[in-house]
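Residue numbers (full-length UniProt numbering): 1 to 659.
Just so it is clear, CB atoms sit at the ideal spot from N, CA and C, and this is done for glycine as well.
Remarks on the structure that follows.
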DNA sequence: GCAAGGTC
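Here it is as structure tokens:
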């Protein structure tokens with residue numbers, strides 16, 4: 001028998017799955033006193049050379065084992081002053097609720113020769129692996145440490161990982177330790193500072209807790225930014241020309257190639273020249289095959305956006321429901337950035353589980369019978385988890401949140417395993433007097449994935465037959481007018497897209513940050529178009545290609561954050577900042593430093609520094625020193641100009657009423 | 001009384 005091996009996963013579900021695969025289905029289960037969710041699994045496994053067949057104990061932690069904290073000398077909020085938290089002494093200790101789990105690792109390590117770490121293969125997982133290592137070393141100082149490299153829990157993949165151990169990556173461990181320490185120092189220091197500074201205003205702020213966090217504030221900043229953009233929006237009138245023609249009972253609308261102009265007189269002149277010409281001529285007829293691509297494999301961010309848009313579920317609820325489904329074994333791990341399926345996965349077998357369902361069963365059967373196509377590959381791979389996909393057929397209440405979210409995950413998966421929709425696109429150009437117009441039509445030939453994926457529409461737009469060079473008198477030409485429309489307030493999918501694009505939070509925490517700024521009273525949600533929001537100004541007519549979608553026409557985002565790439569959405573809830581939320585952001589914006597606390601740059605910059613640690617170009621201490629120095633300067637300036645913050649709060653809260 | 005990140 002080879003050496004005794006202790007395997008430790010990041011969470012119980014992985015420990016159980018890996019034990020199942022390595023133990024060949026047979027393992028003994030022991031409870032761990034004081035640790036409700038943790039189990040120890042005993043089995044034997046042949047690792048191949050050099051270890052051979054070994055007795056194995058597989059167990060798990062529950063995420064991070066330890067936390068960083070300040071000593072009792074920092075208990076008082078006023079003294080030492082909050083600035084001292086930026087460089088005061090901190091220590092690492094086992095998290096209060098994790099004592100039993102830590103003790104279990106220590107005890108199990110005593111009679112093992114090798115510690116084999118099975119935490120997720122992402123940055124946080126590497127750090128958790130190191131926390132496990134340090135705990136194990138307490139019980140057995142000579143224990144040898146290895147790490148499994150795996151990205152899903154398919155049997156073959158897991159066994160391969162067991163036979164090819166690698167080393168822990170200490171750079172990633174350092175990067176996470178740096179993030180943890182800085183988040184603590186900055187969060188505590190600025191939370192105490194702004195709470196104490198604003199408490200003195202009394203009123204509703206007298207006993208408020210005004211937290212600062214490197215993720216909370218940029219998130220709030222996005223909401224305020226959009227709010228101000230909506231408030232300051234001035235609609236601009238525009239004019240356009242539309243030509244319509246009917247043939248074979250089919251209407252064709254030709255849109256003006258100039259789209260729209262903001263000068264009424266100019267459009268009137270051009271319009272009259274068209275009318276004077278009387279006869280229009282077809283100058284281009286082009287038909288070509290076109291496709292509507294099937295969706296990409298499902299990530300957490302995409303799940304949250306889709307849940308909000310189509311299931312009317314906010315991101316927080318969606319994640320809770322997804323976790324419930326995961327814990328029941330119905331869907332895969334719901335926190336993932338990966339939108340590409342590993343080639344080793346047996347997706348066809350997963351499709352086959354759904355052939356009995358009366359909603360999508362026939363579609364699944366079709367895939368099994370030869371219609372299966374490997375999903376498209378996205379560009380993101382967190383190397384830790386596969387895209388979200390169904391694991392088992394599940395008979396949920398179809399009207400419950402659980403049933404609806406499960407249905408979405410299944411339909412998305414089946415759509416991914418299907419084919420793109422196919423159609424024919426027609427482009428027609430029309431010359432009418434001095435002006436050119438165009439019409440675009442689509443005929444859908446094969447719906448393919450659309451049949452199982454009702455969340456996407458591609459209805460097509462029929463055009464009558466036109467021939468190149470033909471001339472005719474158009475049925476109607478109209479001069480249309482409209483106004484640019486205000487952008488809407490941020491919806492949840494918009495907000496998540498912005499956070500994602502700017503690196504604020506992770507797949508697992510974005511929904512929490514949003515919930516937190518609501519809880520702190522910085523933002524509120526209201527039904528779209530409701531409340532005191534000005535009603536969206538719709539254009540009167542002439543909704544040409546892109547006309548009327550006022551987005552993109554507004555002033556640029558101050559400060560150059562990455563703009564969201566997603567289109568405007570129909571989510572139900574929209575975010576409005578409270579007067580306090582606006583005051584905080586405006587107050588910080590008025591303080592004269594480059595590195596705005598309300599903007600995503602500081603967090604982004606930190607992410608770059610962490611990447612440098614991972615790449616080996618910077619050390620943990622270098623980054624800590626530089627970042628702490630930076631935040632000390634920001635702190636000093638904030639303290640010096642705190643009047644701006646106080647003035648903004650006074651203005652909004654005591655003049656504008658309290659929400 | 002404070003953060004963000006894991007996980008339940």
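Enclosing beta strand (DSSP E) for residue i [first to last residue]
i, result
"residue 58", "53–60"
"residue 95", "Looking at the DSSP string, residue 95 is not in any beta strand (DSSP E), and its letter there is neither H nor E."
"residue 438", "435–446"
"residue 285", "280–292"
"residue 67", "66–70"
"residue 7", "5–9"
Range covered by the alpha helix (DSSP H) that runs through residue i
i, result
"residue 512", "510–519"
"residue 649", "642–649"
"residue 613", "601–615"
"residue 496", "492–501"
"residue 585", "579–590"
"residue 409", "401–416"
"residue 260", "That residue, residue 260, is in no alpha helix (DSSP H); it is neither H nor E in DSSP."
"residue 20", "12–22"
"residue 452", "No alpha helix (DSSP H) contains residue 452, which DSSP labels as neither H nor E."
"residue 314", "Neither: residue 314 is in no alpha helix (DSSP H) and is coded neither H nor E."
"residue 308", "300–310"
"residue 217", "216–231"
"residue 125", "123–139"
Exposure of residue i, with buried meaning 16 or more beta-carbon neighbours within 10 Å
i, result
"residue 313", "buried"
"residue 658", "Its pLDDT being 45, under 50, residue 658 is placed unreliably by the model, and the measurement read from it follows with that caveat. So residue 658 counts as exposed."
"residue 555", "Only weak support exists for where residue 555 lies, its pLDDT of 30 falling under 50; the coordinates are left without a value."
"residue 36", "exposed"
"residue 600", "buried"
"residue 40", "buried"
"residue 578", "buried"
"residue 531", "Low per-residue confidence applies at residue 531: pLDDT is 46, beneath 50, and the placement is therefore not dependable, though the value from the model is reported in the following sentence. Under this definition residue 531 is an exposed residue."
"residue 236", "exposed"
"residue 705", "Missing from the structure shown is residue 705; the chain here goes from 1 to 659 and no further."
"residue 608", "exposed"
"residue 542", "Note that residue 542 scores 30 on pLDDT, short of 50, meaning its location in the model is unreliable; the coordinates nonetheless yield the value given after this. Label assigned to residue 542: buried."
"residue 468", "exposed"
"residue 544", "With a pLDDT of 31 at residue 544, under the threshold of 50, the modelled position of this residue cannot be trusted; read the value that follows with caution. Classification for residue 544: buried."
"residue 667", "Because the chain in this structure spans residues 1 to 659, residue 667 falls outside the shown range and cannot be described."
"residue 620", "buried"
"residue 629", "exposed"
"residue 26", "exposed"
"residue 218", "buried"
DSSP bridge partner residues for residue i (one or two, in chain order)
i, result
"residue 40", "30"
"residue 527", "573"
"residue 243", "254 and 477"
"residue 483", "237"
"residue 432", "280 and 435"
"residue 144", "114"
"residue 461", "442"
"residue 426", "287 and 441"
"residue 471", "281"
"residue 46", "53"
"residue 35", "32"
"residue 421", "292"
Exercise. Are at least three pairs of beta-carbons, each pair with one atom in the stretch 500–519 and one in the stretch 228–246, less than 8 Å apart?
Worked result: Taking a contact to require three or more Cβ pairs closer than 8 Å, the stretch 500–519 and the stretch 228–246 do not qualify as touching.
Problem set entry | Cβ pair count under 8 Å reaching 3, the stretch 64–73 against the stretch 122–132 | Yes, the stretch 64–73 is in contact with the stretch 122–132.
Problem set entry | Sequence ranges, alpha helix (DSSP H) only - wholly within the stretch 156–209, length at least 4 | Entirely contained in the stretch 156–209, the alpha helix (DSSP H) runs reaching 4 residues are, in chain order, 170–199.
Problem set entry | Contact the stretch 264–274 vs the stretch 234–254: 3+ CB pairs below 8 Å | The stretch 264–274, when compared against the stretch 234–254, does touch it at the 8 Å Cβ threshold.
For this session: Report yes or no: do the stretch 387–407 and the stretch 329–338 share at least 3 C-beta pairs separated by less than 8 Å?
Result: Yes: at least three Cβ pairs fall under 8 Å.
Exercise. Should the stretch 40–54 be called in touch with the stretch 15–24, which here means at least 3 C-beta pairs below 8 Å?
Worked result: When Cβ pairs closer than 8 Å are counted between the two stretches, the stretch 40–54 is seen to touch the stretch 15–24, the count reaching three or more.
Exercise. Counting pairs of Cβ atoms below 8 Å between the stretch 74–90 and the stretch 112–120, do you hit three or more?
Worked result: The answer is no - the stretch 112–120 does not touch the stretch 74–90, with fewer than three Cβ pairs under 8 Å.
For this session: Evaluate contact between the stretch 184–192 and the stretch 212–226, counting only Cβ atoms and requiring at least three cross-stretch pairs below 8 Å.
Result: Three or more Cβ pairs drawn from the stretch 184–192 and the stretch 212–226 lie within less than 8 Å of each other, which places the two stretches in contact.
Exercise. Between the stretch 354–371 and the stretch 275–291, are three or more C-beta pairs nearer than 8 Å?
Worked result: Not touching, per the Cβ criterion.
Problem set entry | Stretch pair the stretch 607–625 + the stretch 244–257: three plus CB contacts closer than 8 Å | Contact annotation: the stretch 607–625 does not touch the stretch 244–257, with fewer than three C-beta pairs closer than 8 Å.
Problem set entry | Within the stretch 329–391, ranges of the alpha helix (DSSP H) (whole runs, at least 4 residues) | For the stretch 329–391, the full-length alpha helix (DSSP H) segments reaching 4 residues or more read 347–352 and 361–366 along the chain.
Exercise. Given 8 Å as the limit, is there contact between the stretch 629–640 and the stretch 188–201, that is, 3 or more CB pairs closer than that?
Worked result: Flag = yes, the stretch 629–640 and the stretch 188–201 touch.
Exercise. Per the contact definition of three or more C-beta pairs closer than 8 Å, is the stretch 398–416 in contact with the stretch 301–317?
Worked result: Per the Cβ contact rule, the stretch 301–317 is in contact with the stretch 398–416 (3 or more Cβ pairs under 8 Å).
Exercise. Contact between the stretch 136–153 and the stretch 105–112: three or more CB pairs below 8 Å?
Worked result: The stretch 136–153 is in contact with the stretch 105–112.
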